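Residues 1 to 344 in UniProt numbering are what the sequence shown spells out, letter by letter. Glycine residues also receive a C-beta, built at the ideal position from the N, C-alpha and C atoms. On a predicted model such as this, the values are computed, not experimentally measured, just so you know.
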Amino acid sequence: MAAGYNNSFIETRIQSNTNHPFHDFKLRPFLLRLQDARKSFIPVFFTRVHDILSDFNLLYLHVTPQPKTNFPPWGIPVVQFLNPFQTFIKSDTADIIYQQIFIEHRQEYDDFIAIYTDGSKSADHVSFAVVFPNTTFSVKLHSSCSVFTAETAAVLLALEKISDCLERKFIIYTDSLSVLDSLKSFYMHSRHHPLVLNVLHLLNKLASRDFNILCWVPSHVGIVGNEKADKAAKLATAPTNSSIPLTDFTKYSKLLFYTKWQRQWDTETDNKLHSVKPHVHPWPSLTTRKADTLLTRLRVGHTRYTHRHLLFIEQTPMCSQCNSTVACRLNTYSLNVRILTPNG
Numbered sequence: 001m002a003a004g005y006n007n008s009f010i011e012t013r014i015q016s017n018t019n020h021p022f023h024d025f026k027l028r029p030f031l032l033r034l035q036d037a038r039k040s041f042i043p044v045f046f047t048r049v050h051d052i053l054s055d056f057n058l059l060y061l062h063v064t065p066q067p068k069t070n071f072p073p074w075g076i077p078v079v080q081f082l083n084p085f086q087t088f089i090k091s092d093t094a095d096i097i098y099q100q101i102f103i104e105h106r107q108e109y110d111d112f113i114a115i116y117t118d119g120s121k122s123a124d125h126v127s128f129a130v131v132f133p134n135t136t137f138s139v140k141l142h143s144s145c146s147v148f149t150a151e152t153a154a155v156l157l158a159l160e161k162i163s164d165c166l167e168r169k170f171i172i173y174t175d176s177l178s179v180l181d182s183l184k185s186f187y188m189h190s191r192h193h194p195l196v197l198n199v200l201h202l203l204n205k206l207a208s209r210d211f212n213i214l215c216w217v218p219s220h221v222g223i224v225g226n227e228k229a230d231k232a233a234k235l236a237t238a239p240t241n242s243s244i245p246l247t248d249f250t251k252y253s254k255l256l257f258y259t260k261w262q263r264q265w266d267t268e269t270d271n272k273l274h275s276v277k278p279h280v281h282p283w284p285s286l287t288t289r290k291a292d293t294l295l296t297r298l299r300v301g302h303t304r305y306t307h308r309h310l311l312f313i314e315q316t317p318m319c320s321q322c323n324s325t326v327a328c329r330l331n332t333y334s335l336n337v338r339i340l341t342p343n344g
């Protein structure tokens, strides 16, 4: 199961990298015929991954290609955004104060067209909305997408619509401070969200039209435009065929793999390790590898005390209390405490 997950992760990384030599690779038909004719033939990597993704119903999902990040020195995006609420703490500030500050802000920028964006995510629903003065766009994403992806996709759609307009003065209002921070500090990270890079590329194109204003607004404080975008995002039903960022696909596929692995492991009640570790998720790591190794050996019962008879070709020792083999049942909890406590 773990090997299958690793293979699928490698394949999706290849999909996201347009410069990878196997990005557009397609298996030749004669290899498929060879695999069908010879059952002993070991399937090639991409065939194995195809079968795994098909088993988890993931073939219809496509990973978003990673855009290029090689901005020239004179073209490095400089993203600045307004935050008229930065001196206020939301938990200590009444909604009416935020509303009044926003009214004053809009009076200062009354010649700028206001656009509101918002993303929404629930258990099985991910969507976003972009609210213009005269129209609203609501888009539903795949349930594997994160709320960060939804918020970024909303900003990207707003920029795409702006690029087709003749007006020059716009302000995009978003309640996702994490999206704005990612745009502002993208050069500080080695890996970037593909939609963040798409936003940066589009912002560079729009910079020649003097558009460079983004603004953060707090959510759920009664700002009309933001509340309208939030409601439209939650009611979105129109699906999109857009691809999924690699990070979102990885988390989603990992969840599916672990869920199936857990179902299989739940049936292995006769396995002696099932009572030791009923859940397949990894145990938390300790501070040192030595402590990790000791604790793992105690948990699974692989110690010198329980297995020395195999090394010295002796009879299996029996427990005087329960009349069973020592290797079969260990009170690992008491052993763990004695090993890991300072006075143990």
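Assigned with DSSP and collapsed to three states, residue 164 falls in coil, not helix or strand. Of all alpha-carbon atoms in 78, 79, 80 and 97, the one lying nearest the alpha-carbon of residue 87 is that of 97. DSSP lists 82 and 173 as the bridge partner or partners of residue 215. Comparing alpha carbon positions, the residue from 64, 20, 107 and 275 closest to residue 149 is 64.
Membership of residue 118 in the beta strand (DSSP E) is indicated by the continuous run 113-121. Within 10 angstroms of the beta-carbon of residue 276 lie fewer than 16 other beta-carbons, which makes it exposed.
Annotation note: the stretch 177-261 contains the following uninterrupted beta strand (DSSP E) runs of length 3 or greater, listed N- to C-terminal: 214-216. Residues of the same chain with a CB within less than 7 angstroms of the CB of residue 245, apart from the 5 flanking positions on each side, are 64, 149, 193, 194 and 195 in chain order.
By the criterion of a C-beta distance shorter than 8 angstroms, residue 76 is surrounded in its chain by 187, once the five residues flanking it on both sides are discounted. Under the DSSP assignment, residue 139 falls in the beta strand (DSSP E) whose first and last residues are 136-141. For the pair residue 49 and residue 30, the Cα-to-Cα distance works out to about 18 angstroms. Of the other Cβ atoms in all chains shown, 16 or more fall within 10 Å of the Cβ of residue 16; this residue is therefore buried.
When only Cα atoms are considered, residue 237 and residue 157 end up about 17 angstroms apart. The C-beta distance from residue 202 to residue 160 rounds to 7 angstroms, short enough to meet the 8 angstroms contact threshold. Of the residues assessed, residue 218 falls on the buried side of the cut-off, its CB having 16 or more other CB atoms within 10 angstroms. Cβ atoms of residue 144 and residue 248 come within 8 angstroms of each other, at about 5 angstroms. When rounded, the separation of the alpha-carbon atoms in residue 90 and residue 104 is 18 angstroms.
In the structure shown, residue 25 falls within a coil segment according to DSSP collapsed to helix, strand and coil. Comparing alpha-carbon positions, the option among 295, 206 and 304 lying closest to residue 283 turns out to be 295. The Cβ atoms of residue 110 and residue 168 lie no closer than 7 angstroms to each other.
Relative to residue 183, the option among 226, 216, 163 and 162 whose CA is nearest is 216. Contact check for residue 67 against residue 180 fails: the beta carbons are separated by 7 angstroms or more.
Where residue 291 is concerned, there is no enclosing beta strand (DSSP E), although the alpha helix (DSSP H) around it starts and stops at 289-300.
Between residue 140 and residue 120, the C-beta spacing is not below 7 angstroms. Listed in chain order, the non-local C-beta contacts of residue 274 below 8 angstroms within the same chain comprise 265 and 268, local neighbours out to five positions each way being set aside.
If the five residues before and after residue 252 are omitted, its C-beta is found closer than 6 angstroms to the C-beta atoms of 144, all from its own chain and listed in chain order. The C-alpha of residue 234 lies about 59 angstroms from the C-alpha of residue 307.
One alpha carbon belongs to residue 135, the other to residue 250, and they sit about 35 angstroms apart. Selection 142, 163 and 162 evaluated against residue 61 yields 142 as nearest (Cα-Cα). Here the alpha carbon of residue 313 sits roughly 16 angstroms from the alpha carbon of residue 303. Contact between residue 225 and residue 114 is confirmed by a C-beta separation of about 6 angstroms, below the 8 angstroms threshold.
Short of 7 angstroms from the beta carbon of residue 13, and not among the five residues preceding or following it, lie these beta carbons of its own chain, in chain order: 246. Rounded to whole angstroms, the separation of the alpha carbons of residue 55 and residue 35 is 18 angstroms.
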